[in-house]
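Under this note's numbering, the first residue of the sequence shown is numbered 1, with each subsequent residue one higher.
Report on one structure; see the data block that follows.
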Amino acid sequence: MLELHYGPGACSFVPHVALEAIRAATGEDFTARMVRLHKGEQRTPEYLAINPNAQVPTLVVDGKPLSQIVAICDYLDRRFPQVGLLPAESWARAQAMSQFLWMNNTVHPTFTHVFMPDRFCDGEATQAELKRFNAALYRTQLERIQGWIASASPYWFGERLSFHDAYALTLLRWGGFAGIDPDSLPVYKAYVDRVAAHPAVAAVVAREGIKLGTFRKA
Ligand SMILES: N[C@@H](CCC(=O)N[C@@H](CS)C(=O)NCC(=O)O)C(=O)O
Numbered sequence: 001m002l003e004l005h006y007g008p009g010a011c012s013f014v015p016h017v018a019l020e021a022i023r024a025a026t027g028e029d030f031t032a033r034m035v036r037l038h039k040g041e042q043r044t045p046e047y048l049a050i051n052p053n054a055q056v057p058t059l060v061v062d063g064k065p066l067s068q069i070v071a072i073c074d075y076l077d078r079r080f081p082q083v084g085l086l087p088a089e090s091w092a093r094a095q096a097m098s099q100f101l102w103m104n105n106t107v108h109p110t111f112t113h114v115f116m117p118d119r120f121c122d123g124e125a126t127q128a129e130l131k132r133f134n135a136a137l138y139r140t141q142l143e144r145i146q147g148w149i150a151s152a153s154p155y156w157f158g159e160r161l162s163f164h165d166a167y168a169l170t171l172l173r174w175g176g177f178a179g180i181d182p183d184s185l186p187v188y189k190a191y192v193d194r195v196a197a198h199p200a201v202a203a204v205v206a207r208e209g210i211k212l213g214t215f216r217k218a
């Protein structure tokens, strides 16, 4: 039995989309459990028992919890290789993991510094500066992703949807909160529009109740 604990619009979108794609391809069912991050539900004793980091996502497999996006997605890909969520050939898979890890361990934390500067330093002025600096850095990272997906046709690795597509969508969507206009990254934006139209992605967007357009002009 597979159970995903997710926060609407959070990085848990990545395994959430993967589970939806797996269900469509194999019939393997899963339960989606919402964690209201803004209400602090990730810090309840019940949730901390399955994820002591107080974060989403957590995938519970037959009662056993697994945390960390990359570990969860690696598990899903190895268990359901027929879905083709990652390239199968060893070198191509290693390259894919390299990009996946960079999004998870570099781009994602850069955004966390923009979204929650109070987690990293005290004082309003210091937090404002941290936010400004990391928003500019985040933009350069989105530009790098835009370079990677310039030849995506239609998705990151071709015909089959991957974890990378769901992560790339999430990171551009977060960009709106960092003051980055998606129209200023037109190749990336057009690719995300294709990804958003995939049935597994559209189903998760609907279940999470999120809007893709988050950018507001100042
Ligand atoms: N390295 C972790 C990062 C997870 C993470 O940053 N989760 C965020 C949402 S995107 C979270 O749960 N934040 C809640 C909080 O910090 O209170 C992973 O890969 O799973």
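Just so you know, even glycine gets a beta-carbon here, dropped at the ideal spot from N, CA and C.
This one's a predicted model, so the numbers in the text were calculated from it and none came from an experiment.
If the five residues before and after Ala203 are omitted, its C-beta is found closer than 7 Å to the C-beta atoms of Glu20, all from its own chain and listed in chain order. In this structure, ligand 1 has a non-hydrogen atom nearer than 7 Å to the beta-carbon of Ala54. For the pair Arg43 and His5, the CB atoms are not nearer than the 8 Å cut-off. Relative to ligand 1, Thr112 has its C-beta within less than 7 Å of a heavy atom. With contacts defined as CB atoms closer than 8 Å, Val83 and Val201 fail to qualify as a contacting pair. Leaving aside the five residues that flank Ser162 on each side, the residues in its chain whose CB is nearer than 6 Å to its CB run, in chain order, Leu85, Trp156. Distances from the CB of Val61 to the heavy atoms of ligand 1 are all 7 Å or more. The continuous beta strand (DSSP E) containing Glu3 extends over residues 2-6.
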